[in-house]
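The next block holds one structure in the form of structure tokens; read it before the comments.
Number of protein chains: 2
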Amino acid sequence: MTDTAEQSRADATRARLLEAAVSAFAERGFHATTTRDIAAAAGLSPAALYVHHKSKEELLYLISRSGHDQVLRLVQDAIASSDDPATALRRVVHDFVVFHARDHTSTRVVNYELAALRPEHLAEIRELRHRIDQAIRQLVEAGVAAGVFDAPDPKVAAAALLSLGIDLGRWYRHDGDWSPEYLATHYAEMALRVVGAR
Amino acid sequence: MTDTAEQSRADATRARLLEAAVSAFAERGFHATTTRDIAAAAGLSPAALYVHHKSKEELLYLISRSGHDQVLRLVQDAIASSDDPATALRRVVHDFVVFHARDHTSTRVVNYELAALRPEHLAEIRELRHRIDQAIRQLVEAGVAAGVFDAPDPKVAAAALLSLGIDLGRWYRHDGDWSPEYLATHYAEMALRVVGAR
DNA sequence: ACGAGGTTACTAAGCGCTTGCTTACGATAC
DNA sequence: GTATCGTAAGCAAGCGCTTAGTAACCTCGT
């Protein structure tokens, strides 16, 4: 019974290995993590990793690819949700921050382990990052052009907004005082101040 | 003639190894850098590293220690430079940003390779980081208490300001469009908006 | 002035261990 | 009885670091 609707045994094991890799890469970094660490965390022998994945680097690529896809979609959806730049920006920053705080373990890997990707994979990921950056930059520029934002240099402001979210992967902890939602609401308000929303 | 006023040959070699380590750690990360990489970049044999330093980790510690010392001093000096919270904050953010942009190679190592430090060294560095965080947090809180800042949650605002500077180590490049000074001036203005300076 | 004796700065060679990954071989389910 | 899913064992390469040695220089008694 190899099904299509449900998840096969192999798919479940594959996913377990990926989750184990996310945790290990986030905690120790890609190069400090061994394939034995990952396999053991998934409850498997070292060799089992290679039954389900081509290489250690492929695990990183799959994690990175998935994370960037999610962020890009999130940003695009938020921007498409309103014609008012201020409303759209509030939603972009809110959702961006919720994602980076809630999934800080994977976003840490996604944002800080790029250098370990093989050149072809890195190029592909860079393209996704560029689209994310451009989407936010264009939103800020559109707000300034429409006269609803007042930012001396919209590109610099956009860079700052990105930093606010991305840096969460470095410092955010779930056992801290701030929930993802709390932080997202406050960060969204700060973002509107940064761009000088009226 | 082993002098006191000038730098001895050994000191110069020691410094060369440190510089080589900063570049290598920043580019590839601590764990992806080999002691052979560092020695070769300093124009020495692999063994020479151990003439001047105890271990690869000690190099990281020295880099980290020096970087954190500089940042702490910079923040303290900026805060002490004015009784007006707005003036002080502008200077703190300005200097903080100039430092992280200008020295983005070393700040990258300083901020993103902490996990590779030995436990005793990590504890010492964490203490320095705590003092930096507290200094900025207290400045924002003082401004709110004095009624010159208007921030819904001063601690969250302080966390955001730190992220703006630290994240530069991840993305800033000297061949980009923005000089450290240009960025610092704009970021300082954004910081004042974030804390709601009147 | 000079060379014996010590010090400094460095290297060639390699040791013991860990790494990513492969190969050859079961066990279990249908 | 044959796919499927997994493992035991181990290989070649590379790692951090050590050991044993050398060349160049400095010191100082004569």
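In order, the protein sequences belong to chains A and B.
Residue numbering for the first sequence follows the numbering used here, starting at 31 and increasing by one per position.
Residue numbering for the second sequence follows the numbering used here, starting at 31 and increasing by one per position.
Built from N, CA and C at the ideal position, the CB exists for glycine as well.
Legend entry - Residues near R121/B by beta carbon distance below 6 angstroms, same chain, minus five either side: Taking the first residue of the second sequence as 1, we reach residue 121/B at position 91. Cβ neighbours of R121/B beyond the five flanking positions: A108 and S111.
Legend entry - Segment contact flag, the stretch 121-141 of chain A with the stretch 176-187 of chain A, C-beta cutoff 8 angstroms, min 3 pairs: no
Legend entry - Distance between Y91/A and V224/A (C-alpha atoms, nearest Å): Within the first sequence, residue 224/A is the residue found at index 194, counting from 1. Within the first sequence, residue 91/A is the residue found at index 61, counting from 1. The alpha-carbon atoms of V224/A and Y91/A are separated by roughly 34 angstroms.
Inset, instruction - State the Cα-Cα distance for the pair A40/A and G206/B, rounded to the nearest angstrom. - result: The sequence position of residue 40/A within the first sequence is 10, counting from 1. The sequence position of residue 206/B within the second sequence is 176, counting from 1. If you take the alpha carbons of A40/A and G206/B, they lie about 46 angstroms apart.
Legend entry - C-beta contact flag for L222/B and A118/B at 9 angstroms: Taking the first residue of the second sequence as 1, we reach residue 222/B at position 192. Taking the first residue of the second sequence as 1, we reach residue 118/B at position 88. Not a contact, by the Cβ cut-off of 9 angstroms.
Legend entry - Cβ of I196/B within 9 angstroms of any chain A Cβ: Position 166 of the second sequence, counting from 1, holds the residue named residue 196/B. It does: the Cβ of I196/B has a partner Cβ on chain A nearer than 9 angstroms.
Inset, instruction - Establish whether the CB of L147/B and some CB of chain A are separated by less than 9 angstroms. - result: In the second sequence, residue 147/B corresponds to position 117, counting from 1. No, no contact with chain A.
Legend entry - Exposed unless 16 or more other CB atoms sit within 10 angstroms - verdict on A50/B: If you number the second sequence from 1, residue 50/B lands on position 20. Buried is the call here.
Inset, instruction - Would you mind telling me which residues of chain B sit closer than 7 angstroms to G59/A, beta carbon to beta carbon, in chain order? - result: Here residue 59/A corresponds to residue number 29 of the first sequence, with the count starting at 1. Chain order gives the chain B residues near G59/A as G59, H61 and A145, where near means a beta carbon separation below 7 angstroms.
Inset, instruction - Consult DSSP for S53/B and reduce its assignment to one of helix, strand or coil. - result: As a first step, residue 53/B is located in the second sequence; it is residue number 23 there, counting from the start. Note: S53/B maps to helix in three-state DSSP.
Inset, instruction - Could you check which residue in S94/A, R44/A, V105/A and R46/A has the C-alpha nearest to that of L167/A? - result: Residue mapping note: residue 167/A aligns to position 137 of the first sequence, counting from 1. A small fix is needed here, since residue 167/A is Arg in this sequence, not Leu. Among S94/A, R44/A, V105/A and R46/A, the Cα nearest to that of R167/A is on V105/A.
Legend entry - Cβ pair count under 8 angstroms reaching 3, the stretch 186-199 of chain B against the stretch 190-208 of chain A: yes
Legend entry - Proximal residues, the stretch 149-173 of chain A versus chain B, C-beta separation under 9 angstroms: Listed in chain order, the positions of the stretch 149-173 of chain A with a beta carbon within less than 9 angstroms of a beta carbon of chain B would be empty, since no residue qualifies.
Legend entry - Any C-beta of chain A under 9 angstroms from that of G226/B: Taking the second sequence and counting its residues from 1, one reaches residue 226/B at position 196. Yes, G226/B counts as interfacial toward chain A.
Inset, instruction - Establish whether the CB of D183/B and some CB of chain A are separated by less than 9 angstroms. - result: Your numbering for residue 183/B matches position 153 in the second sequence. By this cut-off, D183/B is an interface position.
Inset, instruction - Enumerate, from N- to C-terminal direction, the unbroken beta strand (DSSP E) stretches of 3 or more residues contained entirely within the stretch 131-173 of chain B. - result: none
Legend entry - Extent of the continuous alpha helix (DSSP H) to which D107/A belongs: Locating residue 107/A in the first sequence gives position 77, counting from the first residue. D107/A -> alpha helix (DSSP H) spans K86 to A110.
Legend entry - Environment of L114/A [buried if 16+ CB atoms lie within 10 Å]: Mapped onto the first sequence, residue 114/A falls at position 84. Reading off the sequence shown, one finds Asp at residue 114/A, where the question assumed Leu. An exposed status is given to D114/A, since fewer than 16 other beta-carbon atoms sit within 10 Å of its beta-carbon.
Legend entry - Positions along the stretch 68-92 of chain B whose CB lies within less than 9 angstroms of some CB in chain A: none
Legend entry - Partner residues on chain A for H216/B, Cβ-Cβ distance less than 7 angstroms: Here the question's residue 216/B lines up with position 186 in the second sequence. Ordered by position in chain A, the residues that pass the 7 angstroms Cβ test against H216/B are P182, D183 and V186.
Legend entry - C-beta neighbour in chain B for A131/A, strict 9 angstroms: The count along the first sequence starts at 1 and reaches residue 131/A at position 101. No, A131/A lies away from the interface with chain B (no Cβ there is under 9 angstroms from its Cβ).
Inset, instruction - Take Y217/A and list the residues in its own chain whose beta-carbon comes closer than 7 angstroms to its own, dropping the five residues that flank it on each side. - result: As a working note, residue 217/A is residue 187 in the first sequence. Excluding sequence neighbours, Y217/A sits near V123, V127 and L194.
Legend entry - Partner residues on chain A for L213/B, Cβ-Cβ distance less than 8 angstroms: Numbered from its first residue, the second sequence carries residue 213/B at position 183. In chain order: V186.
Legend entry - First and last residue of the uninterrupted alpha helix (DSSP H) at V29/A: No answer is possible for residue 29/A: it lies beyond the span of chain A, which begins at 31 and ends at 228.
Inset, instruction - Starting from the C-beta of H61/A, find all residues in its chain whose C-beta is less than 8 angstroms away, skip the five residues before and the five after it, and write them out in chain order. - result: Numbered from 1 along the first sequence, position 31 holds the residue referred to as residue 61/A. So the qualifying residues of the chain are A146.
Inset, instruction - Please classify Y80/B: is it buried, with 16 or more other beta-carbons within 10 angstroms of its beta-carbon, or exposed? - result: Numbered from 1 along the second sequence, position 50 holds the residue referred to as residue 80/B. Under this definition Y80/B is an exposed residue.
Inset, instruction - Answer with yes or no whether the minimum CB distance from E219/B to chain A is below 9 angstroms. - result: In the second sequence, the residue the question calls residue 219/B occupies position 189. With 9 angstroms as the cut-off, E219/B counts as an interface residue toward chain A.
Inset, instruction - Closer than 8 angstroms by beta-carbon distance: list the chain A residues that pair up with A190/B, in chain order. - result: The residue labelled residue 190/B in the question sits at position 160 within the second sequence. The answer, in chain order, is L194, Y217 and M220.
Legend entry - A56/B to W201/B span [Cα, whole Å]: What you label residue 56/B is simply residue 26 of the second sequence in a count that begins at 1. What you label residue 201/B is simply residue 171 of the second sequence in a count that begins at 1. Approximately 12 angstroms between the Cα atoms of the pair.
Legend entry - Helix, strand or coil at D183/B according to DSSP, with G and I counted as helix: Stepping through the second sequence from its first residue, residue 183/B is reached at position 153. Residue state, collapsed to three classes: coil.
Inset, instruction - State yes or no: is the beta carbon of D207/A nearer than 9 angstroms to at least one beta carbon in chain B? - result: The residue given as residue 207/A occupies position 177 in the first sequence. It does; some Cβ of chain B falls within 9 angstroms.
Legend entry - Euclidean distance between Cα positions of A188/A and R203/B: For the purposes of this step, residue 188/A is taken as the residue at position 158 of the first sequence. For the purposes of this step, residue 203/B is taken as the residue at position 173 of the second sequence. When rounded, the distance between both Cα atoms is 16 angstroms.
Inset, instruction - Report yes if the CB atom of D99/B is closer than 9 angstroms to the CB atom of L158/B, and no otherwise. - result: For the purposes of this step, residue 99/B is identified with residue 69 of the second sequence, where counting begins at 1. For the purposes of this step, residue 158/B is identified with residue 128 of the second sequence, where counting begins at 1. D99/B is a Cβ neighbour of L158/B, given a cutoff of 9 angstroms.
Legend entry - C-beta neighbour in chain B for R203/A, strict 9 angstroms: The residue given as residue 203/A occupies position 173 in the first sequence. Closer than 9 angstroms: no.
Inset, instruction - Provide the residue span of the alpha helix (DSSP H) that contains T65/A, from first to last. - result: Numbered from its first residue, the first sequence carries residue 65/A at position 35. Where T65/A is concerned, the enclosing alpha helix (DSSP H) stretches over T65 to A71.
Inset, instruction - Assuming I162/B and V101/B form a contact by the criterion Cβ under 8 angstroms, report the distance between their Cβ atoms to the nearest whole angstrom. - result: Working through the second sequence from its first residue, we reach residue 162/B at position 132. Working through the second sequence from its first residue, we reach residue 101/B at position 71. Indeed, because the Cβ distance is near 6 angstroms, the residues count as touching under 8 angstroms.
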